[in-house]
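Note that our numbering has the sequence shown beginning at 928, numbered continuously upward.
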Amino acid sequence: MSYFCDVKIHEKYIKRCIELAKNGLGTTYPNPLVGSVIIYENEIIGEGWHKKSGEGHAEVNAVNSVKDKSLLSKSTIYVSLEPCSHFGKTPPCCDLIITHNIPNVVIGTVDPNEKVAGRGIKKLIEAGKNVTVGVLEDECNELNRRFFTFHQKQRPYIILKWAETLDGFISPKEKIEQKPVWITNQYSRQLVHKWRSEEHAILVGTQTVIDDNPTLTVRDWTGNNPIRIVLDRKNRIPKESHIFNNEATTILISDENQIAENSNLIIETIDFDGNIAEEITAVWHKHNIQSVIIEGGRQLLQTFINAHLWDEARVFRGTISFENGTKAPVLNFKLAEKKAILDDELLIFRNND
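Right under this line is the structure:
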């Protein structure tokens, strides 16, 4: 078999690993998304993905799905991310591969976690396995951009999100009849709930909670609620606000020491007179939060834009105009992607700096 054919075959099965891994988006935090496929004579005999932290990793689920375990000693295992080599909540996947005497291992990309970071590859090679690394590497890195950002930059993957009118406003001058005032259609709003189910946490500011009393949960989609993070410098948010209910954990960031009134509430203090974006980011890292959607008001969004602490911006543009009110944040970046959601436009920007 030629090298060219080998590459194409490897890419085919790593692509399948990526497809499997995406099933775990929103449920594996703080672990990465990983998919695995086991091949015998160019046929898939087993596959799996990591579903939840503390449960079996992708390689474990793939091996367990193989009906005839005797075939493993003549097979190739594909995995989108380097197999772990350390004991965590589960045993090392490298040991599993070695125990079952799987001779060939094809890996999409190296794990950036300092507990792994090439050690899994080294262990497999030392055990005499034929190891191939770097198949569809860019695609595998993109799959785990949240996990990679957390370990390489010591902060979560930060997504900015807002909706603006045709004339560039995110809210009207006055909210008299309706709270909140919707700019987008119901399908765009449902998509936002899907995003919430996929990310680790969501951040809003004080005024957003006071004005709209949001729940910040997944209501129009099926999935996990994100951790709710709320800024409340001077303890202005009413205690009966929805963000204090028991539907999800809430981290309240203030500059005043407070006592948490229930087990779902965590109080953190920061210096609001310092670099607020960096202070907030440090709180996220402390709680091992890997991704955050910022759905705050203009000031909060602009703070992170000006601090260059963002990775992706998702901007909805509706079909209505306000003529006056609160202007949308200023984001002078090249548009990466544009999608239509009925009459709404979804504009996506990426910070590649």
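Beta carbons are placed, not taken as given, at the ideal position from N, Cα and C, and that holds for glycine. No experiment lies behind these values; they were computed from the predicted model shown.
Beta-bridge partners assigned by DSSP to V1060: I1034. Here the alpha carbon of G1223 sits roughly 49 Å from the alpha carbon of E970. DSSP places F1243 inside the beta strand (DSSP E), whose first and last residues are 1239-1244. CA-to-CA, the gap between E986 and K978 works out to about 12 Å. Judged by their CB atoms, F1231 and I1085 are nearer to each other than the 8 Å cut-off.
Remark: three or more beta-carbon pairs, one from each stretch, lie closer than 8 Å, so the stretch 1083-1097 and the stretch 1240-1248 are flagged as touching. Restricting attention to L1008, P1039, P1018, the CA atom closest to the CA of V1032 is found in L1008.
In this structure, L1023 and A948 do not form a Cβ contact; the two beta carbons are roughly 18 Å apart against a cut-off of 8 Å.
Shown here for Y956: same chain residues with a beta carbon closer than 7 Å to its own, the five before and five after excluded, namely S980, H1127, Q1217 in chain order. Exclusion of the five residues before and after Y1114 leaves I1268, L1269, D1271 as the residues of its chain whose Cβ lies within less than 8 Å of its Cβ.
Rounded to the nearest whole angstrom, the C-alpha separation of T1076 and A1044 is 14 Å.
Beta bridge pairing from DSSP links G962 with W976. Going by C-alpha positions, A989 is about 36 Å away from L1130. When only Cα atoms are considered, W1148 and W1122 end up about 9 Å apart. Per DSSP, K1121 is one residue of the alpha helix (DSSP H) stretching across 1113-1125.
G983 has its alpha-carbon roughly 22 Å from the corresponding atom of Y967. I1029 is the residue among I1029, L1158, P1010 whose C-alpha sits nearest the C-alpha of K996. N1279 has its alpha-carbon roughly 22 Å from the corresponding atom of I945.
Under DSSP, S1168 takes part in no beta bridge, so it has no partner.
In the structure shown, E1183 falls within a coil segment according to DSSP collapsed to helix, strand and coil.
Distance from the CA of N958 to the CA of F1074, rounded to the nearest whole angstrom, comes to 7 Å. Within its own chain, the residues whose Cβ lies closer than 8 Å to the Cβ of N1162, once the five positions on either side in sequence are excluded, are S1181, E1183, Q1185, listed in chain order.
Judged by DSSP in its simplified three-state form, D1271 adopts strand. By the criterion of a C-beta distance shorter than 7 Å, V1060 is surrounded in its chain by I1034, V1037, I1048, once the five residues flanking it on both sides are discounted. Taking C-beta atoms under 8 Å as the contact rule, R1155 and I1170 qualify, at a distance of about 5 Å.
Measuring C-alpha to C-alpha distances from E1205 to each of I1137, P1083, T1176, N1140 identifies P1083 as the nearest. For T954, DSSP assigns no beta-bridge partner whatsoever. DSSP places F1231 in the uninterrupted alpha helix (DSSP H) bounded by 1225-1233. Counting the other Cβ atoms within 10 Å of the Cβ of P1039 gives 16 or more, which makes it buried.
Here S1098 is bridged, per DSSP, to T1253. It is roughly 18 Å from the alpha-carbon of G951 to the alpha-carbon of G973. In the DSSP annotation of this structure, the continuous segment of the beta strand (DSSP E) that includes S1218 starts and ends at 1218-1221. In the DSSP assignment, L1023 falls within the alpha helix (DSSP H) that extends over 1020-1026. Within the same chain, and ignoring the five residues on either side of A1054 in sequence, the residues whose Cβ sits closer than 7 Å to its Cβ are I1025.
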